[in-house]
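This report refers to the structure that appears directly beneath it.
There are 4 protein chains.
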Amino acid sequence: MASTQPRRGDTRQRIQDVALELFTERGYDKTSLREIAERLEVTKAALYYHFKTKEDIVLSVVEDLGRLLDELIEWGQAQPHTLETKKELLRRYSEALADAAPVFRFLQENQATVRELSIGGAFKERLVTLSDLLRAPDAALTDHVRTTAAMFTMHVGLMALHDVEGDPEDKRKAVLEVALDLLTEAHRSR
Amino acid sequence: MASTQPRRGDTRQRIQDVALELFTERGYDKTSLREIAERLEVTKAALYYHFKTKEDIVLSVVEDLGRLLDELIEWGQAQPHTLETKKELLRRYSEALADAAPVFRFLQENQATVRELSIGGAFKERLVTLSDLLRAPDAALTDHVRTTAAMFTMHVGLMALHDVEGDPEDKRKAVLEVALDLLTEAHRSR
Amino acid sequence: MASTQPRRGDTRQRIQDVALELFTERGYDKTSLREIAERLEVTKAALYYHFKTKEDIVLSVVEDLGRLLDELIEWGQAQPHTLETKKELLRRYSEALADAAPVFRFLQENQATVRELSIGGAFKERLVTLSDLLRAPDAALTDHVRTTAAMFTMHVGLMALHDVEGDPEDKRKAVLEVALDLLTEAHRSR
Amino acid sequence: MASTQPRRGDTRQRIQDVALELFTERGYDKTSLREIAERLEVTKAALYYHFKTKEDIVLSVVEDLGRLLDELIEWGQAQPHTLETKKELLRRYSEALADAAPVFRFLQENQATVRELSIGGAFKERLVTLSDLLRAPDAALTDHVRTTAAMFTMHVGLMALHDVEGDPEDKRKAVLEVALDLLTEAHRSR
DNA sequence: CATGAATGAGCTTTCATTCAT
DNA sequence: GATGAATGAAAGCTCATTCAT
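Chains as they are written, first to last, in my numbering: chain A, 1411 to 1600; chain B, 1411 to 1600; chain C, 1411 to 1600; chain D, 1411 to 1600.
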């Protein structure tokens, strides 16, 4: 149980953790497998025992967030398209983001790169679908902006407010409140 | 004067244009100087005649937007900190973004990479400064979020609404309207 | 075990050998890693598996001679500063040079380059220290020249007499004799 | 006559001076024409107005010393092969070296490189010829070493004693004295 | 007497990947 | 569950050189 001993069994997980950290910090392309291996004190070849390619590492890391979003979309589509549903969607999205914050940051900061990967469009599409669920199909352009802003405000909460002082949970709630306001406002003008 | 003839005198400009396009599309790191050179039908060495390094190309491309933001900040700081000033700040920011849209997209999509470059903090700092100008120093957390959202909504307008149908200028105005609403709302609760 | 089979385990050594040979023959700067790799029938990347940089190769090659000289200096400093000690110093230096002749030739013929490398001063300094050990601190200028000449005559023996006919060991002894004469002469006038 | 004005007419000479300085200091290969041009505040293309190639610059710089040596050899061959002639040869050689010291240093420190250039063997040959003139054809090996050492001691004077304190002219004379001693000694055992 | 613009060849270095052990 | 040794491809960059102006 000594933490200085070579852990065993968890190497796969440790690779994912270190990779995500480095990919976010220094960029996916700028991060070489050599760096990841060195930081873990294993050889590059060891990485290849656990993952088929570099891209595979990133896929595995991003997979959970993908599933989360899919579930959210599925849920949203199954509900009646009321304001209350939409509010609940935002609430759930907020929680999902909070949970998967590091992965989300990575995606945000490596958009150009990620687009070329096979995950590619997948995430963008999901965000569009999600955003569509918040909006009436016949919404005016301004309201379109409002619902979109509602969603993206939450990303901003993750990024721009990251180095603002204050309890993360407080910040999350403040962000959610503003997002809900935007959503409500978009609905009022119906 | 035929456009298929080797243009002269404009090579530097053409490098910047093609580079920005490729950097945005495929990512800064994934875009090699070979690709840029090939697309311009010159040799790599020609790029190095006009720019000292790859990073230099990106710096030169991003420079104008930097100046624009600095001017905006300077202006904002010279004005009385009234609601009207802040609204005008948003209006001007909106126009600046519209003008420099391609550069801005590049920065947005290559954040991780850009952070490592020497432009690095420069842009983030400017956005923070700008955002500070929109906010009362004693603003509640929710209002902090609102002013921040006001600014970032405009980025979203650039990105997420890019492939929504409609006249760009209409979209810009709709986005600006929502941003102004957020700003006003943040002020009401003073 | 056939010598035309790809040897294994000795690649590092083979790189050093070929590198030293080419560096001496055609100059460090003029010798590209491609040439070294080709002559070894491996890829350039293989060189980088064994050495971190081109400079590293040269450092590793030169290291042994450095140690030899350090030991010699240490020994010299531990002895009484008598004529006999100095003579023995020359004798030992002569042997060291004979052993490390190829490395020494390389250093001699690439002085300007080596100076810029990180070995830089190291060797020059050692020769100066060694030369100081041969000399009385209050020696007249002429005697200063004589002891210096004693040392450098040995280098000449290595270089200028290289293509003079005769048994190498005979030549070494003749050179040593002249050097010892110079040393003795320098002492007489004390 | 103001020294800050762009001198004219002497550009060729200035190129040679700067080139020799840089070639000696940082090595011929490591010194690029760009560096030379920059230091002279002209363009690379300007160098090509004055010299056909990089090698040409070095040839032009080294030419004078070559002629000097040729004259010395010619003179030596025309004299009777007496000890006095040989002594005078050394004296004249000493002066030639003192005059052409910078060029000589360059050759000394860039041997490997120079060998590949078209000057190549020329200088080595001349030194061998010169050295032969100092020696009786039937000299014993030890005396062969002594005459060779006599010559090379003078190079050492240029190099190793360069950063020893003292008047250069005094040093030159001390070196010459030792060299003459070596020569005389070589003759005595005839 | 010189420059501005460009090229072709080559350099050192790094990377993702492979595979026998 | 991993390593040691290597590869093929490509990257960013520099250099000597050319030539129209």
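Every residue gets a Cβ at the ideal spot worked out from N, C-alpha and C, and that includes glycine.
Note that this is a predicted model, so its numbers are computed, not measured.
Going along chain B, which residues have a C-beta under 8 Å from residue i?
i	result
Phe1461 (chain A)	Those within 8 Å of Phe1461 (chain A) in chain B number zero; the least Cβ separation is about 20 Å.
Any beta carbon from chain B within less than 8 Å of residue i's own beta carbon?
i	result
Gly1476 (chain A)	no
Gln1518 (chain A)	yes
Ala1412 (chain A)	Only weak support exists for where Ala1412 (chain A) lies, its pLDDT of 43 falling under 50; the value from the coordinates is given anyway. It does not; no Cβ of chain B falls within 8 Å.
Val1555 (chain A)	yes
Just to confirm, are residue i and residue j a CB contact at a threshold of 8 Å?
i	j	result
Ala1506 (chain C)	Leu1543 (chain C)	no
Ala1584 (chain C)	Leu1551 (chain D)	yes
Gln1521 (chain B)	Gln1487 (chain A)	no
Phe1533 (chain B)	Val1566 (chain A)	no
Ala1596 (chain D)	Arg1536 (chain D)	no
Thr1434 (chain B)	Arg1515 (chain B)	yes
Ala1549 (chain D)	Leu1500 (chain D)	no
Ile1529 (chain A)	Leu1568 (chain A)	no
Leu1443 (chain C)	Lys1464 (chain C)	yes
Leu1432 (chain D)	Glu1445 (chain D)	yes
Val1513 (chain B)	Leu1475 (chain B)	yes
Ala1508 (chain A)	Arg1582 (chain A)	yes
Arg1424 (chain C)	Leu1450 (chain C)	yes
Does residue i get closer than 8 Å to chain C when you measure Cβ to Cβ?
i	result
Gly1531 (chain D)	no
Phe1562 (chain D)	yes
Leu1527 (chain D)	no
Ala1549 (chain D)	no
Ala1455 (chain D)	no
Decide if residue i is buried, meaning its Cβ has at least 16 other Cβ atoms within 10 Å, or exposed.
i	result
Val1574 (chain C)	exposed
His1491 (chain C)	exposed
Ala1570 (chain C)	buried
Gln1426 (chain D)	buried
Asp1591 (chain A)	buried
Arg1598 (chain A)	exposed
Ser1504 (chain D)	buried
Lys1496 (chain A)	buried
Asp1553 (chain D)	buried
Tyr1459 (chain D)	exposed
Arg1669 (chain A)	Absent from the structure is residue 1669 (chain A), since the part of chain A shown begins at 1411 and ends at 1600.
Ala1455 (chain D)	exposed
Asp1439 (chain A)	buried
Gly1437 (chain C)	buried
Thr1523 (chain C)	buried
Glu1481 (chain B)	exposed
Thr1601 (chain D)	Nothing in the structure corresponds to residue 1601 (chain D), since chain D is present only between 1411 and 1600.
Ser1413 (chain B)	Unreliable placement is indicated for Ser1413 (chain B), whose pLDDT of 40 sits below 50; the coordinate value is still reported in the next sentence. That one is exposed.
Whose Cβ in chain A lies nearer than 9 Å to the Cβ of residue i?
i	result
Asp1439 (chain B)	Gly1437, Tyr1438, Asp1439, Lys1440, Ala1522 and Thr1523
Thr1434 (chain B)	Ala1522
Just the chain A side, please: which residues come within less than 7 Å of residue i by C-beta, in chain order?
i	result
Arg1502 (chain B)	Near Arg1502 (chain B) there are no residues of chain A at all, since even the closest Cβ is about 19 Å away, more than 7 Å.
At a CB-CB cut-off below 7 Å, which residues of chain C make contact with residue i?
i	result
Val1566 (chain D)	Thr1558, Ala1559 and Phe1562
Ala1510 (chain D)	Within chain C, no residue comes near Ala1510 (chain D); the closest Cβ sits about 17 Å away, beyond 7 Å.
Any beta carbon from chain A within less than 8 Å of residue i's own beta carbon?
i	result
Glu1587 (chain B)	yes
Asp1427 (chain B)	no
Given that residue i touches chain D, what residues does it touch there, using C-beta distances under 7 Å?
i	result
Ala1584 (chain C)	Leu1551, Thr1552 and Val1555
Would you say residue i touches the ligand MN, meaning its beta carbon is less than 7 Å from a heavy atom?
i	result
Gly1576 (chain D)	Inclusion of the ligand MN in the displayed structure is not the case, the ligand content being empty and no account of it being possible.
- Message: By the 8 Å beta-carbon criterion, what residues does the segment 1568 to 1581 of chain D contribute toward chain C?
- Response: Ala1570, Leu1571, Val1574, Gly1576, Asp1580 and Lys1581
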